[in-house]
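K.L.:
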Amino acid sequence: MKINLYKNTAWVFALLLIVFACSETNKKQHSTSKELISKKVSELYNTKSVEELHALTYEEAFGLFTEEELETLASAHWTFNVNVPVVVSVIRSKKQERLPFWLKESGFVKTEMTMHNEMTDYEVWQKNFDKGQVGLGINGLENYSYHYFVTVAPQNESEELTISDIYPETDFIGTMDDGAFVYGDWDELVLFEVPEALKGQQMLTTVRGRGTESQLVNAFRTTKFPSSEKADQIMLTWSADPSTTMDIQWRTASSIDSGKVSYRKKGAEETLTVKAEKYEMEDLRLANDRYVNRFTAQLEKLEAGTTYEYKISTQNNWPETQTFTTQSNDDSFSFIWYGDSHFSPIWGKLANQAFQKHPEAAFHAIAGDLVSDGLHRDQWDELFEYSKDVISQRPFMNVIGNHDNRMGLGAEMYRQLFSYPTNGPKDLPTEHTYAFNYKNAMFLMIDATSKDELQTQWIEQQLSESKATWKFAMFHFPPYNWEEPYPNIQKEWIPLFDKYHVDMVFSGHIHYYMRSNPMKDGKVVANAKDGTTYMISIGIPSDLRGIGEEPYAEVRYEQGPFYQVLDIDGNSLTYTAKDSSENVIDELRLVK
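Numbering follows the UniProt record's numbering, in which position 308 of the sequence shown is assigned residue number 308; successive positions increment by one, without gaps.
#1: Using a Cβ-Cβ cut-off of 7 Å (strictly less than) and excluding sequence neighbours within five positions of residue 453, which residues of its own chain qualify?
#2: Among 88, 583 and 123, which one has its Cα closest to the Cα of residue 599?
#3: Decide if residue 471 is buried, meaning its Cβ has at least 16 other Cβ atoms within 10 Å, or exposed.
#4: So is residue 449 buried or exposed if we call it buried at 16+ other beta carbons inside 10 Å?
#5: Helix, strand or coil: which one does DSSP assign to residue 293?
#6: Considering only the alpha carbon of each residue, which of 376, 393 and 402 lies closest to residue 416?
#7: Does DSSP put residue 454 in a helix, in a strand, or in coil?
#8: Measure from the alpha carbon of residue 122 to the alpha carbon of each residue in 110, 489 and 129, then state which is nearest.
#9: Within this structure, are the beta carbons of residue 126 and residue 108 separated by less than 8 Å?
#10: With a CB to CB cut of under 6 Å and the five nearest residues on each side skipped, what residues in its chain are close to residue 96?
#11: Counting along the chain, where does the alpha helix (DSSP H) carrying residue 62 start and finish?
#12: Quick one: grab the DSSP three-state call for residue 111.
#13: Can you grab the Cα-Cα spacing for the pair residue 354 / residue 328, in whole Å?
#14: Please state whether DSSP places residue 413 in a helix, a strand or coil.
#15: Could you tell me which of 568, 222 and 548 sits nearest to residue 291, measuring between CA atoms?
#16: At a cut-off of 7 Å, is residue 255 close to the ligand ADP when judged by its beta-carbon and the heavy atoms of the ligand?
#17: Between residue 522 and chain C, is any beta-carbon pair separated by less than 8 Å?
#18: Have a look at residue 198 and residue 149 and give me their C-alpha separation to the nearest angstrom.
#19: Taking only three categories from DSSP, how would you classify residue 249?
#20: Starting from residue 437, trace the beta strand (DSSP E) both ways and give me its first and last residue.
#21: Just verifying my parser: in three-state terms, what is the DSSP assignment at residue 407?
#22: Cα-Cα, which of 548, 360 and 341 is closest to residue 371?
#23: Beta-carbon separation of residue 441 and residue 538 under 8 Å?
#24: In the DSSP output, what is residue 311 paired with across the bridge?
#25: For residue 629, which of helix, strand or coil comes out of DSSP?
#26: Which two residues bound the contiguous beta strand (DSSP E) that contains residue 87?
#27: If contacts are defined as beta-carbon pairs under 8 Å, then residue 84 and residue 159 qualify, I think. What distance do you get, rounded to the angstrom?
#28: Does the beta-carbon of residue 553 have 16 or more other beta-carbons within 10 angstroms, so that it is buried, or is it exposed?
#29: Going along the chain, which residues of its own chain have a beta-carbon closer than 6 Å to the beta-carbon of residue 21, five neighbours each way excluded?
#30: Using three-state DSSP, classify residue 523 as helix, strand or coil.
#31: Which residues in the same chain as residue 302 place their Cβ atom closer than 8 Å to its Cβ, once the five residues preceding and following it in sequence are excluded?
#32: Report yes if the C-beta distance between residue 93 and residue 57 is below 8 Å; otherwise report no.
#33: Straight-line CA distance for residue 475 to residue 129?
#34: To which residues does DSSP link residue 81 through a beta bridge?
#35: From the DSSP output, in three-state form, read off residue 173 for me.
#36: Distance, Cα to Cα, residue 62 vs residue 217?
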């Protein structure tokens, strides 16, 4: 058989063109508004000054996009497929002053239906869609914290609706009704007075922070402490045994491609070197320091009870403020903890003061809300700058607060900044929840911003296997407080604290100081041997609000800042809380 090579080649070429065209169409369909905004921000950095970025108006921002790009913003923010023709309801807050530009223009019609939760009232816009892909647009070019949400119903009630291929990906589709939650990052915030016509419909929940994806107006920030070629933000943490290991982290400008740590016993000549792992951090809207490199070096096979000094590869000398001491083999130690710090220089002053007054403390810890927006790297820059002489000499062992795990957008920046044990629950992001032992004490460091029930089994396993004399738990949301108690934490975790006798629980969030009487099963008991002491503190100034009734409370103060020192000597524990003037505001001694 004779083959016409030219005709065959032409056919193949034509087929390749079709495949390529389809590929490009598919790529275009899957290009998201988030990707477009990132591209546009890069263009802005090339054409506008920092001052012009800060002054960008809505009209100017809108004018940056071509018609084709506006179509992406109008249809590629939230997409999903439906198997039958549907009615889509976009339910948006009435408090959002500017209507999303695409809503009316794409055919959505405002109805008379409304509903509300504790924070806002909602109005309902509806449009019919054929089966196939549904594409919805951005919440706006400004950031409004209560993002719209969506319900979907078949146009023909007899047809069964299946929703698939949801972007952004979700593992949960709710049911519209009174008491349903809208935001996955705040499931206590539920709907009331849901219209009967919408009840039972499939509901696509969201997170409040999604509005930041498309924000260009009032979006750009600068850091007071930009990176350079010299290492800074030098910080100690543990991810393994405190007696034989130490993790050292630092930052440089993105131009520094590698890093290492040299270390030695203090005063010795012999020096060892460890290469660091590098990763790039991006803060898209940080106008004067968008990219930095972070480094983590893990030192192993250290000698217990030994003081070491260290230096980073960009440093020529051995800085006096870069030393650490590994855990010794006795049962005496102390540590310092704080409530919320919110990247405040006032907390920084307090932390340096606490370090100077109590240099024997083995480590420092914050019970969440280290910063006010965990995805703003400029705030982390300030936190680390204000505490640099502390965290370069003592491990900084913290837990996540709701401001660190911001508005449902996750705590990726937190994970990038800290190197902690990876022994937490398997269904949570690594290093959000972890446990470590220091001498005769166990520390459960729990992410209360994640699902409580996903951590219950892990907490019990840690406690049931522990032989520690002292058991402590630290997490951000206090289960007992006058303003906003957490019944689910009381249900899920407190029975385990009772069963395995956790001695103390440290929390923040409510911005006051409280130490409870010993408690068991939700009631005050006579002796600390029979119950757990719950504590709340605040590391920054706090307002006078008038504390409500707390029959379980032993000591309370409205105005911070405070820090707390725990001294452990075998079977005895001394707890001391101090204000910023070094006045002792609370003391407690326990003996086992």
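Ideal Cβ positions, reconstructed from N, Cα and C, are used throughout, including at glycine.
For clarity, every value in this text was computed on a predicted model and none was experimentally measured.
P.N.:
So, from the listed chains and residues:
#1: The residues are 492.
#2: Summary: the structure shown does not reach residue 599, with the chain confined to residues 1 through 592, and so no result is reported for it.
#3: Residue 471 should be labelled buried.
#4: Label assigned to residue 449: buried.
#5: Strand.
#6: Nearest of 376, 393 and 402 to residue 416, Cα basis: 376.
#7: Note: residue 454 maps to helix in three-state DSSP.
#8: Nearest option by C-alpha distance: 110.
#9: When the beta-carbon positions are compared, residue 126 and residue 108 come within less than 8 Å of each other.
#10: These residues qualify, in order along the chain: 144.
#11: Counting along the chain, the alpha helix (DSSP H) containing residue 62 begins and ends at 58-62.
#12: Three-state result, residue 111: strand.
#13: Each residue's alpha carbon lies about 22 Å from the other.
#14: Looking at residue 413 - three-state DSSP - the assignment turns out to be helix.
#15: The shortest C-alpha separation from residue 291 is found at 222.
#16: In terms of ligand content, the structure shown is empty, and the ligand ADP therefore cannot be addressed.
#17: As a matter of chain content, chain C is missing from the structure shown, which is built from one protein chain.
#18: Taking the straight line joining both Cα atoms gives about 13 Å.
#19: Per DSSP, reduced to three states, the secondary structure at residue 249 is strand.
#20: Note, residue 437: beta strand (DSSP E), 434-438.
#21: Three-state DSSP puts residue 407 in a helix.
#22: That would be 341, whose Cα lies nearest to the Cα of residue 371.
#23: Taking 8 Å as the Cβ cut-off, residue 441 and residue 538 do not qualify as a contacting pair.
#24: Residue 311 is bridged by DSSP to 262.
#25: Past the edges of the chain, shown from 1 to 592, lies residue 629, and the structure says nothing about it.
#26: It spans 86-93 - the beta strand (DSSP E) in which residue 87 sits, taken as one unbroken run.
#27: Confirmed, about 4 Å.
#28: So residue 553 ends up on the buried side.
#29: Because the pLDDT of residue 21 is 37, which lies under 50, any placement of that residue in the model is unreliable, and the question is left without a value.
#30: DSSP, reduced to helix, strand and coil, places residue 523 within a strand of the structure shown.
#31: Answer for residue 302: 243, 244, 245, 246, 308 and 326, listed in chain order.
#32: No, the pair does not count as a contact, with Cβ atoms beyond the cut-off.
#33: About 45 Å.
#34: Under DSSP, the beta-bridge partners assigned to residue 81 are 133 and 164.
#35: If DSSP states are grouped into helix, strand and coil, residue 173 belongs with coil.
#36: Straight-line measurement puts the Cα of residue 217 at about 10 Å from the Cα of residue 62.
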